[in-house]
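For reference, the structure discussed in these notes is given below.
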Amino acid sequence: MYQNKPSEAELAAEKAKKELVAQEAKVKENAAKLTAAPVATNDTLQLAKLQKTLGSFAYSATLPSAKEGFTTIENKLVILKIANKGGYIAEATLKNFERSKKGSGDLVKLIKDNNAQFNLELATVDNHTLNTKDLYFEPTLTKNGEDQILTMRLKASPTAYLEYKYVLKADDYMLDFDIQSQGLNTVLKTAKPIQLEWDFKTYTNEKSISYENRYSEVYFEYEDGKTDYLGQGNDKTETAEEVSYVAYKQHFFSSILLSSTPFKTAELYSNNLVKDDKVDTTFTKQFKATLPLAFKNGEIDQKMNWYYGPTDYKLLKSYDRNLEDIVALGWGIFGWINRHAFIPMYGFLSMFISQGWAIVLFTILVKLLMSPVTYKSFLSQAKMKVLRPEITEIAEKYKDEPMKKQQETMKLYNKAGVNPMAGCVPGLLQMPVFYALFQFFPAAIELRQQGFLWADDLSSFDSVYKLPFHIPAYGDHISLFPILASIAIFFYMKMTTGDQQMAAPQQEGMPDMAKMMKIMVYISPLMMLLFFNSYASGLSLYYFISNTITIGIMLVIKNYIIDSDKIHAQIQENKKKEPKKQSKFQQKLQEAMEQQEAMRAQKKKK
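Start counting the sequence shown at 152; every next residue gets the next number (our numbering).
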């Protein structure tokens, strides 16, 4: 008897088996009582209702812990409150970020008050269609070192269940999220995938609702590394294949669902909820994604991740999942300049000084780097200014022969060694930098709730006076940095347009460019004032400093570097030399002019 006695493992297995049998007997007993009872009580009526509506998952409703309630998991960065009903996150709070105004104490909550829903639509073999958002899961919280592990089970029996598994690490915005089933191959219809539905209404978290709404949209990665977004507007839809993540971006914060196994298809939806930013102040966008969960051998096993955190380029890039692509830095060369030049440069500066002074120093460095281009532009204008009398003389001499006038003008440029396009090229070279910076500052979360001078938040407008009325296209407040930037642009354009008019005489048969340029001197600052009044004050600060520095560089170059007499002497020396060989472009242009002149002469003969 001693030699044949059962081991401890066998005894434990036998005990578990007895408990399982007892649980199944209890369920059968309850069901028997229900059918045998001559008069139904409230409890039995409720149980009958559950069996009728829940079918195979009625067992879950008999568990004491599968009822109204929440389980909270948190680390240094986030607080996540998971509801038993639906098994999804009922609240997601970011511990290091505050809404709208710094010091308010009101933390950013990406999920609260049922603004988000996560649901699986289950089709059972007993012809029930169930939604997990309406069912109660049984929670179990454990720890593995500093990791918190929460399993939420929706049970059809003690051994058959659907499970959500959350794993939150000690210092991370990203958490593991697995959906798996056990023993449901005889409970659920497995011919078609289960539809996963993720609905989300994005709360406003910033001072300017319209500005925040402009940068809130759906991003997704598909077909092995391609990234796209749904775009702004009402009722925007798109279907994508092989989707590896879906991101609901809220300007400075994002909620992202990632999957290690791409979803075969994804149906995505976005709708704008801000019709009037004076009335619609709670939500900005409504997002929805429908994703299929395929069965494998009759069961579900999908390994995923949730991310609830800041839309921080460096942080998102650290996950090595292409998440940084949701930060709108511009396409092509513009994004390349931001990623490889401006983000590292500004990040380095902001390590040592405040954000406002970092913008000032950053602007100075950018302008110094671009100063050789600026110098080339001004030098070209100075050369054109020196040639103006001779160009005017040619224009007067051949005023009745436009083609001949153009040919002689080109010959003068060639002899003098002056390129009329040289003043345009530097401007074109600056355009990628200008556009890259336009994308950079709205995406820089480092500016959020960082003050400078009178601005209390460099990521939003710097209101110095609240208007008692609303001005269309302007707003109901006065921002000071856009006013300063507009004044700087006015004086900059006044100087540059004056030089250009002096350098290039008006050509007959051409539009009156001088008048247009005079008008633009006033229109451009006005557009700046209207467009940037509700934009980030950090961007307006950059343009104010940038144009002020440019004006200073122009004055230095014109008064201390460029000598008109020397330029004139050099041009006269160039005329004595053999003309430079024309480029292919110049040759083709010359040939085209000659052909046109010949055709014009033939028409005159006829």
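All C-beta atoms, glycine included, are put in the ideal place defined by N, C-alpha and C.
Given the structure is predicted, the values throughout are model-derived calculations rather than measurements.
Where the alpha helix (DSSP H) through residue i begins and ends
i           : result
residue 547 : 506-548
residue 468 : 464-469
residue 685 : Counting along the chain, residue 685 falls outside any alpha helix (DSSP H), and DSSP gives it neither H nor E.
residue 362 : 360-365
residue 495 : 494-500
residue 488 : 483-488
Given residue i as reference, the closest of the options once Cα atoms are compared
i           : options            : result
residue 286 : 251, 236, 240, 250 : 236
residue 410 : 434, 442, 284, 438 : 442
residue 290 : 243, 403, 214, 429 : 214
residue 515 : 457, 703, 279, 365 : 703
residue 691 : 585, 705, 315      : 585
residue 537 : 522, 564, 472, 259 : 564
residue 331 : 325, 339, 316, 320 : 316
residue 414 : 435, 378, 372      : 372
residue 710 : 300, 530, 220, 397 : 530
residue 527 : 581, 322, 466, 320 : 581
residue 358 : 532, 429, 466      : 429
residue 318 : 543, 297, 689, 601 : 297
residue 427 : 670, 629, 360, 583 : 360
residue 220 : 246, 261, 303, 276 : 303
residue 385 : 397, 365, 472, 488 : 365
residue 383 : 513, 639, 594, 435 : 435
residue 265 : 640, 246, 234, 519 : 234
Close Cβ partners of residue i (< 6 Å) along its chain, the five nearest in sequence each way excluded
i           : result
residue 627 : 618, 621
residue 356 : 250, 259
residue 706 : none
residue 248 : 259
residue 486 : 480
residue 651 : Here residue 651 scores only 49 on pLDDT, less than 50, and its place in the model is too uncertain to base an answer on.
residue 437 : 352, 422, 424
Residues bridged to residue i (per DSSP)
i           : result
residue 350 : 268, 439
residue 325 : 458
residue 371 : 379, 397
residue 758 : Past the boundaries of the shown model lies residue 758; the chain is included only from 152 to 757, so the question cannot be answered.
residue 447 : 450
residue 434 : 354
residue 92  : Residue 92 falls outside the range modelled here, since the chain spans only 152 to 757, and no answer is possible.
residue 339 : 275
Sequence-distant residues of its chain with Cβ nearer than 8 Å to residue i (five each side left out)
i           : result
residue 346 : 271, 272, 441, 442, 443, 444
residue 677 : 637
residue 282 : 270, 271, 272, 273
residue 189 : Note that residue 189 scores a pLDDT of 38, beneath 50, so its modelled location is shaky and nothing firm can be said.
residue 511 : 692, 696
residue 390 : 416, 417, 418, 419
residue 453 : 329, 330, 331, 410, 412, 444
residue 193 : Only weak support exists for where residue 193 lies, its pLDDT of 49 falling under 50; the coordinates are left without a value.
Beta-carbon spacing of residue i, residue j below 9 Å
i           : j           : result
residue 354 : residue 687 : no
residue 227 : residue 242 : no
residue 375 : residue 348 : no
residue 326 : residue 456 : yes
residue 599 : residue 614 : no
residue 588 : residue 517 : yes
residue 556 : residue 546 : yes
residue 294 : residue 300 : yes
residue 284 : residue 312 : no
residue 612 : residue 507 : no
residue 399 : residue 369 : yes
residue 244 : residue 263 : yes
residue 708 : residue 525 : yes
residue 292 : residue 230 : no
residue 500 : residue 509 : yes
Nonlocal neighbours in the same chain, by C-beta distance under 7 Å from residue i, ignoring five residues either side
i           : result
residue 810 : The requested residue 810 is not part of the displayed model; the chain covers only 152 to 757.
residue 645 : 672
residue 322 : 226, 227, 228
residue 596 : 403, 461, 462, 463
N-terminal and C-terminal residue of the beta strand (DSSP E) that residue i is part of
i           : result
residue 246 : 240-249
residue 707 : Segment 688-707 is the alpha helix (DSSP H) holding residue 707; no beta strand (DSSP E) there.
residue 422 : 404-423
residue 304 : 298-308
residue 630 : 626-630
residue 261 : 258-262
residue 289 : 289-295
residue 619 : 614-622
residue 314 : 311-319
residue 281 : 280-282
Residue i at chain D interface by Cβ criterion, 9 Å
i           : result
residue 423 : Absence of chain D from the displayed structure is noted, only one protein chain being present.
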